[in-house]
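**Student:** Protein chains in written order, with the working numbering: chain L, 526 to 874; chain E, 526 to 874.
In structure tokens form, the structure reads like this:
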């Protein structure tokens with residue numbers, strides 16, 4: 526597993542890629558694989574941890590000095606592994622350098638597409654995508670892939686469903702959680718909750734550059750009763766907030782390639798009411814695990830239909846679709862399809 | 526020649542690395558070499574130009590997406606060159622990715638160290654420096670190299686001396702040119718010139734983030750007579766300003782690894798009065814091509830000794846030390862030392 530050099534695995538706070546690497550790595554170790562995790566210093570894992578640079582670089586993400594250094598050091602260690610400890614496959618989560626150079630590594634590479642396609646990244650993948658087995662994180666994301674990226678399948682981001690509490694009897698609030706940006710829609714969640722007459726809990730960090738939006742669109746509505754703001758939440762508090770909510774509101778306006786909060790809500794038996802944008806279209810099974818709605822008014826109306834959704838159905842759906850063991854098994858199939866002939870680890874899987 | 530992907534060769538404005546690549550490439554072509562220049566789109570050269578990305582990225586310097594893409598594409602073309610057109614050597618000027626991966630390219634690589642060593646870059650070079658033949662741009666720069674970078678020699682940045690006018694009879698002004706930062710010392714140049722009783726001409730661009738310094742330390746002194754400010758200058762105007770000055774003032778307070786403006790001044794027969802920092806210690810021959818002085822007061826005093834310096838000596842010194850043909854010949858020796866056995870181009874050089 527080749528994690529990025531920027532922050533630790535698991536991440537200290539926000540860190541989507543590092544969370545995925547953490548969950549998947551732990552599952553693969555549990556499932557009997559011999560896994561080495563190349564990662565930022567300070568990382569912790571049940572796998573064999575090899576940190577490469579001397580420091581993390583959370584404020585210098587995608588700086589070539591560090592990415593090239595990290596990836597080149599990892600490639601060297603992969604090449605130098607003793608004959609009886611050769612790697613069968615490299616799973617790369619690390620930006621661009623490793624994929625661009627993957628054809629210069631003897632060991633086959635699987636590369637997970639963690640981001641949204643932009644004009645810039647699309648051009649990159651058209652050029653270098655053939656150097657690894659590419660895996661997307663949603664069909665929606667792959668739908669916006671450039672022509673020529675044929676053959677990439679999608680495997681959802683993993684969640685350890687057992688780590689999240691199923692709660693069938695909910696408290697009387699709706700939940701919105703995310704970054705304080707217009708595309709994430711906290712202001713639309715406020716409008717929808719008000720229209721539905723149900724209190725709203727907002728959670729999430731205000732990142733640099735988001736204060737003005739928060740002050741203008743969110744703060745004036747916070748009254749500690751109908752609209753409450755908790756700031757950043759994590760750990761058991763986060764799980765309890767997810768579990769207690771009548772529904773998670775996702776009034777997003779962007780092509781989000783995945784949406785971890787939807788999966789986390791569903792694991793707690795909490796339905797999701799989402800705009801049909803990005804991966805919400807596949808993570809919400811309309812009428813079964815929540816509702817796909819076109820605007821704030823329809824979102825408010827859908828709150829009235831929440832009694833039709835069973836908490837157990839939400840959890841069952843997410844357990845089947847993206848529990849970490851399901852995801853690990855899917856990646857095992859991908860690894861097996863590209864691993865070197867005679868690879869040890871996959872002979873008996 | 527592997528130029529960076531950020532801006533064109535030659536650069537449209539400021540672009541130290543791209544200027545060096547331009548001068549050296551033109552000289553190598555003149556000297557009979559078959560040169561391919563891998564570079565940003567829009568570049569112009571007498572060499573065979575191969576631009577790799579679709580756009581320049583002047584505002585995204587060192588972003589790994591573009592650096593990895595650019596370098597990987599160049600490596601592919603280098604690998605794929607037909608047998609009768611194989612490259613003997615790659616001369617890399619392109620940040621970090623190419624050096625970190627140079628051991629994965631069959632063709633040998635020469636890498637010019639264009640920057641100052643910092644804690645971060647030193648760690649990088651300790652780890653990856655052995656993958657190419659490293660060349661510094663001054664002995665001073667290499668003096669701050671980390672232990673373990675043994676064997677790197679220095680070759681100064683090139684100047685086409687014939688393109689700069691020698692002027693023996695000077696106008697009555699001193700010149701400062703550079704970025705508007707405290708380390709470059711325009712405020713110290715103002716103090717020294719005032720103390721010497723000689724008018725000062727300031728030239729240079731005010732880059733983002735430098736306006737406050739300029740407004741506080743420089744602007745109040747500009748009177749259009751004793752202190753004049755020309756803004757950014759280029760082309761024939763720049764050459765005329767260099768040629769007409771009694772001296773170039775370099776009251777710098779940082780370990781500048783080179784200092785192109787000193788070389789340009791000397792080519793015009795204009796002495797340099799510099800603080801003994803960075804490469805000024807080797808680019809100024811004290812008493813022959815200018816003076817090395819400790820502070821503004823000594824700088825003012827040195828203005829009174831300028832009649833002892835002959836313009837022809839300045840030009841002769843720079844012609845011998847870093848004229849582009851001298852530099853190209855030095856690089857030819859480096860190329861020859863690493864070129865593949867049986868390399869064509871060097872059999873008859």
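Each residue gets a CB set at the ideal place from its N, CA and C atoms; glycine is no exception.
No experiment lies behind these values; they were computed from the predicted model shown.
Would you say residue 637(E) faces chain L, with C-beta separation under 8 Å as the test?
**Tutor:** Not an interface residue.
**Student:** In terms of alpha-carbon separation, which member of 596(E), 797(E) and 863(E) lies closest to residue 530(E)?
**Tutor:** It is 596(E).
**Student:** By DSSP, does residue 753(L) sit in helix, in strand, or in coil?
**Tutor:** Three-state DSSP puts residue 753(L) in a strand.
**Student:** Check the C-beta distance from residue 767(L) over to residue 790(L) and give it rounded, since I have them as a contact under 8 Å.
**Tutor:** Right, the Cβ-Cβ distance comes to about 5 Å (below 8 Å), so this counts as a contact.
**Student:** For residue 594(L), return the contacting residues in chain E, with the cut-off set at a CB-CB distance below 8 Å.
**Tutor:** Those are 621, 625, 648, 649, 652 and 653, listed as they occur along chain E.
**Student:** Based on Cα-Cα distance, which residue from 776(E), 778(E), 699(E) and 723(E) lies nearest to residue 769(E)?
**Tutor:** Closest by alpha carbon: 699(E).
**Student:** Would you identify the three-state DSSP class for residue 654(E), choosing helix, strand or coil?
**Tutor:** Three-state result, residue 654(E): helix.
**Student:** Does DSSP put residue 728(E) in a helix, in a strand, or in coil?
**Tutor:** The answer is strand: DSSP assigns residue 728(E) an E or B state.
**Student:** How is the alpha helix (DSSP H) around residue 842(E) delimited, first residue to last?
**Tutor:** 836-847 is the span of the alpha helix (DSSP H), which, as asked, contains residue 842(E).
**Student:** Could you tell me how far apart the beta carbons of residue 653(E) and residue 625(E) are, in whole angstroms, since I believe they sit closer than 8 Å?
**Tutor:** Their Cβ separation, rounded to whole angstroms, is 5 Å, which keeps residue 653(E) and residue 625(E) in contact under 8 Å.
**Student:** Between residue 803(E) and the rest of its own chain, which residues show a CB-CB distance below 6 Å, the 5 nearest in sequence each way excluded?
**Tutor:** Cβ neighbours of residue 803(E) beyond the five flanking positions: 665, 780 and 781.
**Student:** Beta carbon of residue 605(E), beta carbon of residue 649(L): below 8 Å?
**Tutor:** Contact flag unset, no.
**Student:** Can you find the residues in the same chain that come closer than 7 Å, C-beta to C-beta, to residue 587(E), ignoring five residues on each side of it along the sequence?
**Tutor:** Excluding sequence neighbours, residue 587(E) sits near 620.
**Student:** Is the distance from the Cβ of residue 809(E) to the Cβ of residue 787(E) below 8 Å?
**Tutor:** Against a cut-off of 8 Å, the Cβ pair of residue 787(E) and residue 809(E) comes out as a contact.
**Student:** Measure the alpha-carbon distance for residue 785(L) versus residue 683(L) and round it to whole angstroms.
**Tutor:** Those two C-alpha atoms are separated by around 9 Å.
**Student:** Rounding to the nearest angstrom, what Cα-Cα distance links residue 863(L) and residue 568(E) in this structure?
**Tutor:** C-alpha separation (whole angstroms): 40 Å.
**Student:** Output yes if chain A places a C-beta closer than 8 Å to the C-beta of residue 617(L); else output no.
**Tutor:** No chain A appears in the structure shown, which is made up of the protein chains L and E.
**Student:** Have a look at residue 866(E) and residue 858(E) and give me their C-alpha separation to the nearest angstrom.
**Tutor:** Their backbone Cα atoms lie some 15 Å apart in a straight line.
**Student:** Taking residue 590(L) as the query, report the chain E residues whose CB atoms sit under 8 Å from its CB, ordered along the chain.
**Tutor:** Simply 587, 620, 621, 645, 646 and 649.
**Student:** Which class does residue 648(L) belong to by DSSP, given the choice of helix, strand or coil?
**Tutor:** Reduced to three states, the DSSP call for residue 648(L) is helix.
**Student:** Less than 7 Å between C-beta atoms, sequence neighbours within five positions excluded: which residues of the same chain meet that for residue 640(E)?
**Tutor:** Correct list, in chain order: 646 and 782.
**Student:** Please state whether DSSP places residue 854(L) in a helix, a strand or coil.
**Tutor:** The answer is helix: DSSP assigns residue 854(L) an H, G or I state.
**Student:** Where does residue 635(L) sit, in a helix, a strand or coil, going by DSSP?
**Tutor:** Reduced to three states, the DSSP call for residue 635(L) is strand.
**Student:** I want to verify the contact list: residues of chain L whose CB lies under 7 Å from the CB of residue 579(E), in sequence order.
**Tutor:** Near residue 579(E) (Cβ distances below 7 Å), the residues of chain L are 648.
**Student:** Per DSSP, which residues does residue 701(L) bridge with? Please list them.
**Tutor:** Looking at the DSSP assignment, residue 701(L) forms a beta bridge with 727(L).
**Student:** Return helix, strand or coil for residue 825(L), following the three-state DSSP convention.
**Tutor:** The answer is helix: DSSP assigns residue 825(L) an H, G or I state.
**Student:** Anyone know if the C-beta pair for residue 795(L) and residue 774(L) falls short of 8 Å?
**Tutor:** No, these two residues do not count as a Cβ contact at 8 Å.
**Student:** Going by Cα to Cα distance, which pick from 681(E), 732(E) and 609(E) is closest to residue 514(E)?
**Tutor:** In the structure displayed, chain E extends from 526 to 874; residue 514(E) sits before or after that span and is not available.
**Student:** Cα separation between residue 554(E) and residue 762(E)?
**Tutor:** Roughly 28 Å between the two C-alpha positions.
**Student:** Any beta carbon of chain L sitting closer than 8 Å to that of residue 597(E)?
**Tutor:** Yes, because at least one Cβ of chain L sits closer than 8 Å to the Cβ of residue 597(E).
**Student:** Helix, strand or coil for residue 555(L)? Go by DSSP, reduced to three states.
**Tutor:** In the structure shown, residue 555(L) sits in a helix (DSSP, three-state: H, G or I).
**Student:** Grab me the residues of residue 872(L)'s own chain with a C-beta within less than 7 Å of its C-beta, minus the 5 sequence neighbours each way, in chain order.
**Tutor:** For residue 872(L), the pLDDT reaches just 43, beneath the cut-off of 50, and the residue's location in the model is therefore unreliable, leaving the point undetermined.
**Student:** Would you mind sorting residue 538(E) into buried or exposed? The rule is 16 or more other CB atoms within 10 Å of its CB.
**Tutor:** So residue 538(E) ends up on the exposed side.
**Student:** Give me the DSSP bridge partner(s) of residue 588(E).
**Tutor:** Paired residues: 588(L).
**Student:** Can you tell me whether residue 536(E) is buried or exposed? The criterion is at least 16 other CB atoms within 10 Å of its CB, across all chains shown.
**Tutor:** Under this definition residue 536(E) is a buried residue.
**Student:** Return no unless some Cβ of chain E is closer than 8 Å to the Cβ of residue 629(L).
**Tutor:** Yes, contact with chain E.
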